[in-house]
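Written below as structure tokens is the structure these notes are about.
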Amino acid sequence: MLKPRKLLALALLIVSLSGHAVEQVDVELQLLIDISGSVDAQEYDLQMQGYKAAFESDAVQDAILAGEYGKIAVQLIMWSGADQQAIMIDWALIDSAQSADDFASLIDSLTRPFSGWTATGSAVSFAYPEFSTNDFDGTKQVIDVSGDGILNQGSSVADARDEALAAGVDTINGIVITTDQAVIDEYANEVVGGDNAFLLAPATFDDFQAAIETKLVAEIQGTTPEGNLLATPVPEPPALGIMLFGLIYLMFTRKSKIGACS
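For the sequence shown, UniProt numbering begins at 1 and goes up steadily by one.
Given below as structure tokens:
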């Protein structure tokens, strides 16, 4: 019969060997949804219905199931002011059409918890440590920030972005529901970053559903979608300008030669 001390040592050994099991997934995805005061009740409903419809769509469900592991983990956080962040749906495994539909139903059941200022940096700072405490190990960690206004409270969003990337987050993408260039510029320069990062800007909340579906598929597949505002090709010089420059150059060199011969 084992002595109590040996029994205790054996128990501790078993616990240490068992460890804490984590589930392999293709993506650990955080949805950071702006519900600040600039988002009115109708816009809030359109935004949430867009997320719901996206997870119910064949495009998103097919993208999930086509991954190496055929599953992703998703957490949904709503945010507004500097001290207004709420985990509305904690890390959920989506590994089938049914679990995607179930996640969509959870989205549909949510109630808006608050509304206030726009503290994008505080939202990112609140969110990224959640990756280190979940039960999933993804091939990539992605934060998805949606919004319709510029930061007017809280910490620097550029600093928060850099801290998140330094902590191991692979990508921070953005989707802004506006045509306001100031908002688009802030997201492009201070929010978005990392591998294959992109920014989408549906003009209205009515256009949000199609955009969020496109965005989710790209994030799951690790690609950049059409409409990415960060994809700004280097403009090619106009052909007419090149021809004109060439003619002027030829005239100059010819005159120089004539002058040298005279």
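By construction, the Cβ of each residue, glycine as well, lies at the ideal position given by its N, Cα and C atoms.
All figures in this text were calculated on a predicted structure; none of them were measured in a lab.
Residue 75 has 30 as its beta-bridge partners, per DSSP. For residue 49, the enclosing alpha helix (DSSP H) has its first and last residue at 41-56.
Close CB contacts of residue 200 within its chain, under the 6 Å cut and outside five residues either way in sequence, are with 175, 211, 215 and 227 (chain order). Rounded to whole angstroms, residue 81 and residue 24 show a C-alpha spacing of 34 Å. Between residue 151 and residue 111 a beta carbon distance of about 25 Å is seen, past the 8 Å cut, so the two are scored as non-contacting.
Taking a 10 Å sphere around the C-beta of residue 190, we find 16 or more other C-beta atoms and assign the residue as buried. In the three-state scheme derived from DSSP, where H, G and I count as helix and E and B as strand, residue 86 is classed as strand. Rounded to whole angstroms, the separation of the alpha carbons of residue 113 and residue 92 is 20 Å.
Going by DSSP, residue 103 is part of the alpha helix (DSSP H) stretching over 97-109. Per DSSP, residue 189 has no beta-bridge partner at all. Note on residue 98: under 16 other CB atoms within 10 angstroms of its CB, so exposed under the neighbour-count rule. Residue 212: member of the alpha helix (DSSP H) spanning 208-221, first to last residue.
Taking a C-beta distance under 8 Å as the contact criterion, residue 177 and residue 135 do not qualify as a contact pair. For residue 23, the enclosing beta strand (DSSP E) starts and ends at 23-25. Of 172, 40, 169 and 131, the smallest CA-CA separation from residue 117 is found for 40. The Cβ neighbour count for residue 182, taken over all protein chains shown within 10 Å, is under 16; the residue is labelled exposed. As DSSP reads the structure, residue 144 sits in a beta bridge with 31 and 173. Exclusion of the five residues before and after residue 221 leaves 63 as the residues of its chain whose Cβ lies within less than 7 Å of its Cβ. At the C-beta level, residue 128 and residue 169 come within 8 Å of one another. At a Cβ-Cβ threshold of 8 Å, residue 102 and residue 70 do not count as neighbours.
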